[in-house]
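A short worksheet on the structure shown next.
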Amino acid sequence: MFNKKAGMIAAVVLSTSILATACSTNTDKTAAPNVSSETAKPAKQETLRILSNVAGGKTPEENVLFEKEVERLTGIKVTIEKPAADYDKKLYAAISAGEKYDLIYMGKGNMDVLVDQGALMPLNDKIKASKILSDPSVIPTKEWDMITYKNGQIFSVFNKSEGGTLPTVRQDWMDKLKLQQPKSLEDFYQVLKAFKEKDPDGNGKDDTYGLSTAGLYDIQGFMSAAGVKYKYVIDASGKRSIPYATEAAVPIYEWFAKLYKEGILDPNFATNDSAKMRELFLTNRVGMVTYWDAWVGLFNNMKKTDDPNFKAKAIAGAVGPDGKIMLRRGDPSVWGIPVNAEHADTAMKFLEFWHSEKGNILSTLGIEGDDYTVKDGKYTLTDEGVKHGMDHGAPFPNNTNFKNPIGTLPGALEGRQVIFDNNATIENSTKDWPSAEKIVTNYAFQAMMGKLPAADAVKKMNDELKAAKLID
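Written out as structure tokens, the structure is:
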């Protein structure tokens, strides 16, 4: 168990290690005689070069403060590089070019590719030797299964505890229109239709939609009605299929086509990015979106001042043929150490810190004095901290001992519970998914917008995937 007391012990151990290094000139028998402690060389500064698109400051200026805060708390001088865009391309390009990073942040899909390339260092022995990272109360044992490869090899350490994606509804609109939480696909249709037709924002205009998405991201809560899963499903014999490209998915595409034809589905869903979708939700233009559970709390936090009646709520998806709901749990976000890292041991020290109480405070609340203040043991967010939503890389740490001293944003914990209670599993990408995704997306959009009958779209989708040897 890693708590405050354990943090103090770790700090003492680290300080003792540094002191021993600093004094080594006095204990080395080959050292020159009469070398006093005053003239001994100081310990070399531990450094890390980190590539990340999530952990760190919210702006370039705050990122500098974040680096200094890590150094204050750990003694490690870090450089955190956060590309402004195209993170995956930067990550792959850097590894291919042999750039030397000590830690890289990535999703499981990225990790699958890099493990296949032999670019990451196996970490089993280092994790086993760590009292912190091997503690099941810090990282639950079953979580490691999600990032364990063949022969039991582990190439990363978790960044945070992932939730998942699910339908998020304007509960204040539900209450106003006296609607019940939907369970079947027909229930969802009736709720979304009411959001479109019954003026839920009360402005007297026909300017609302029932549902918006950012493309296929993430319609899993509705595909649940057919019991089909996004991306790859690989059976015991290794045979690959993509359920979204099977006949089972046809009724769901037809359901979307009905929403699109009736103006219930945001007509720009296929070209939306997540920012545009979020804006529609926050500006009273749409009653339901499909997004991360953590954003339930962020939505409520963003609107609490200018619209106290606003209430976002996470709901489960549509019940499937087996009576269960099939949601998506987010791919694990992890830290890996490249095989050419120059400071692997220091990287492990950072990862131990990241999963400690002080690291949890940094990864959630942020930087003391910038994002929050502490007075008489009470933590208070600054105005800047409120804007940052208690997310500096890990809004929900893996450490089960950690309790956020400020609490969680309204609706966030309830959203996570919906994910954990409803068969939410990670998706299987494989290195072929980027090519397969283009084909799936193309024909799914044509079916959802009624440009092709759903059955025809699925057949074409399936035929192209087979021809490209992307499914078996």
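Here the sequence shown stands for residues -22 to -1, 1 to 450, numbered as in mature numbering (1 follows the signal peptide of the UniProt record, and there is no 0). Beta carbons: idealized from backbone N, C-alpha and C, even for Gly. The model shown is predicted, which means the values in this text are computed figures rather than measured ones.
Original post:
For residue 192, which beta-bridge partners are listed by DSSP?
Top reply: Among the bridge pairs identified by DSSP, residue 192 is matched with 195.
**OP:** Please confirm if the region 132 to 152 is in contact with the region 392 to 407, defined as three or more CB-CB distances below 8 Å between the two stretches.
**Re:** Segments in contact, yes.
Subject >> Buried or exposed by the 16-neighbour rule on C-beta atoms within 10 Å, applied to residue 369 >> reply: Under this definition residue 369 is a buried residue.
**OP:** List the endpoints of the continuous alpha helix (DSSP H) containing residue 387.
**Re:** Premise fails: residue 387 is in no alpha helix (DSSP H) and is neither H nor E.
**OP:** Could you pull out every residue in the same chain whose Cβ sits closer than 8 Å to the Cβ of residue 87, ignoring the five residues on either side in sequence?
**Re:** The beta carbon of residue 87 sits closer than 8 Å to those of 309, 407, 411, all from its chain and outside the five residues before and after it, given in chain order.
Subject >> Nearest neighbour of residue 361, chosen from 372, 354, 352, 348 [CA to CA] >> reply: Among 372, 354, 352, 348, the Cα nearest to that of residue 361 is on 348.
**OP:** Identify the continuous beta strand (DSSP E) that holds residue 28 and give its terminal residues.
**Re:** Note, residue 28: beta strand (DSSP E), 25 to 29.
**OP:** Would you tell me roughly how many angstroms separate the C-alpha atoms of residue 234 and residue 225, rounded to the nearest one?
**Re:** Whole-angstrom Cα-Cα distance: 15 Å.
Original post:
Is the region 285 to 300 touching the region 176 to 183 in the sense that three or more CB pairs, one from each, lie closer than 8 Å?
Top reply: Judged by Cβ distances under 8 Å, the region 176 to 183 makes no contact with the region 285 to 300, as fewer than three pairs qualify.
**OP:** Could you check how far apart the C-beta atoms of residue 209 and residue 304 are, in whole angstroms? I think they sit under 8 Å.
**Re:** About 13 Å separates the Cβ atoms of residue 209 and residue 304, ruling out a contact at the 8 Å cut-off.
Original post:
What are the partner residues of residue 452, as DSSP defines its beta bridges?
Top reply: Nothing about residue 452 can be reported from this structure: the residues present for the chain run from -22 to 450 only.
Original post:
Where does residue 7 sit, in a helix, a strand or coil, going by DSSP?
Top reply: Per-residue confidence for residue 7 stands at a pLDDT of 33, beneath the threshold of 50, marking its modelled position as unreliable; the derived number appears in the next sentence. Collapsing the DSSP output to three states places residue 7 in coil.
Subject >> Among 100, 380, 314, 222, nearest to residue 26 - alpha-carbon criterion >> reply: For the residues 100, 380, 314, 222, the minimum Cα distance to residue 26 belongs to 314.
Original post:
What residues are listed by DSSP as bridge partners for residue 147?
Top reply: In the DSSP output, where bridge partners are listed per residue, residue 147 has 266, 291.
Original post:
Out of curiosity, what's the CA-to-CA distance linking residue 463 and residue 66?
Top reply: It is not possible to answer for residue 463, since the shown part of the chain is limited to -22 through 450.
Original post:
Can you name the start and end residues of the beta strand (DSSP E) that residue 357 belongs to?
Top reply: Per DSSP, residue 357 is one residue of the beta strand (DSSP E) stretching across 356 to 359.
Original post:
Nearest to residue 22 by CA position, among 422, 438, 324, 415, is which residue?
Top reply: Per the Cα distances, 324.
Subject >> For residue 448, the three-state DSSP class (helix, strand or coil) >> reply: Correct three-state label for residue 448: coil.
Subject >> Close beta carbons around residue 185, own chain, < 6 Å, minus the five adjacent residues each side >> reply: None.
**OP:** Could you tell me whether the region 46 to 64 touches the region 340 to 358, where touching means 3 or more Cβ pairs closer than 8 Å?
**Re:** Taking 8 Å as the limit for Cβ pairs, the verdict is that the region 340 to 358 does touch the region 46 to 64.
Subject >> Cross-strand partners of residue 136 (DSSP beta bridge) >> reply: The partner list for residue 136 (beta bridge, DSSP) reads 312.
Subject >> Identified DSSP bridge partners for residue 98 >> reply: Residue 98 is bridged to 316.
Original post:
In three-state terms, what does DSSP make of residue 82?
Top reply: If DSSP states are grouped into helix, strand and coil, residue 82 belongs with the strands.
Subject >> Cβ neighbours of residue 276 in the same chain (closer than 7 Å, five flanking residues each side left out) >> reply: Here the set comprises 367, 387.
Subject >> Own chain residues within Cβ distance below 7 Å of residue 306, not counting five before or after >> reply: Close CB contacts of residue 306 within its chain, under the 7 Å cut and outside five residues either way in sequence, are with 142, 143, 196, 198, 208, 402, 405 (chain order).
Original post:
DSSP beta-bridge partners for residue 219?
Top reply: Partner(s): 211.
Original post:
Where DSSP assigns a beta bridge to residue 352, which residues make up the other side?
Top reply: Per DSSP, 357.
**OP:** Can you grab the Cα-Cα spacing for the pair residue 129 / residue 115, in whole Å?
**Re:** The alpha-carbon atoms of residue 129 and residue 115 are separated by roughly 25 Å.
Original post:
For residue 121, which three-state DSSP category applies?
Top reply: Looking at residue 121 - three-state DSSP - the assignment turns out to be helix.
**OP:** Return the chain-ordered list of same chain residues with a C-beta closer than 6 Å to the C-beta of residue 146, the five sequence neighbours on each side being excluded.
**Re:** Within its own chain, the residues whose Cβ lies closer than 6 Å to the Cβ of residue 146, once the five positions on either side in sequence are excluded, are 267, 269, 274, 290, 292, listed in chain order.
**OP:** Within its chain, find whatever has a CB closer than 6 Å to the CB of residue 294; leave out the 5 residues flanking it on each side and keep chain order.
**Re:** If we look at residue 294 and ignore the five residues flanking it on each side, its Cβ neighbours are 303, 396, 400.
Original post:
How big is the Cα-Cα spacing for residue 57 and residue 378?
Top reply: C-alpha of residue 57 to C-alpha of residue 378: approximately 28 Å in a straight line.
Original post:
Are the CB atoms of residue 73 and residue 24 nearer to each other than 9 Å?
Top reply: Cβ distance not < 9 Å, so residue 73 and residue 24 don't count as in contact.
**OP:** Output the distance between the C-alpha atoms of residue 105 and residue 59, rounded to the nearest integer angstrom.
**Re:** Straight-line Cα distance between these residues: approximately 25 Å.
Original post:
Do the region 255 to 265 and the region 118 to 128 meet, that is, are 3 or more Cβ pairs less than 8 Å apart?
Top reply: By the C-beta criterion, the region 255 to 265 is judged not to be in contact with the region 118 to 128, since fewer than 3 inter-stretch pairs fall below 8 Å.
Subject >> Euclidean distance between Cα positions of residue 194 and residue 247 >> reply: Approximately 8 Å between the Cα atoms of the pair.
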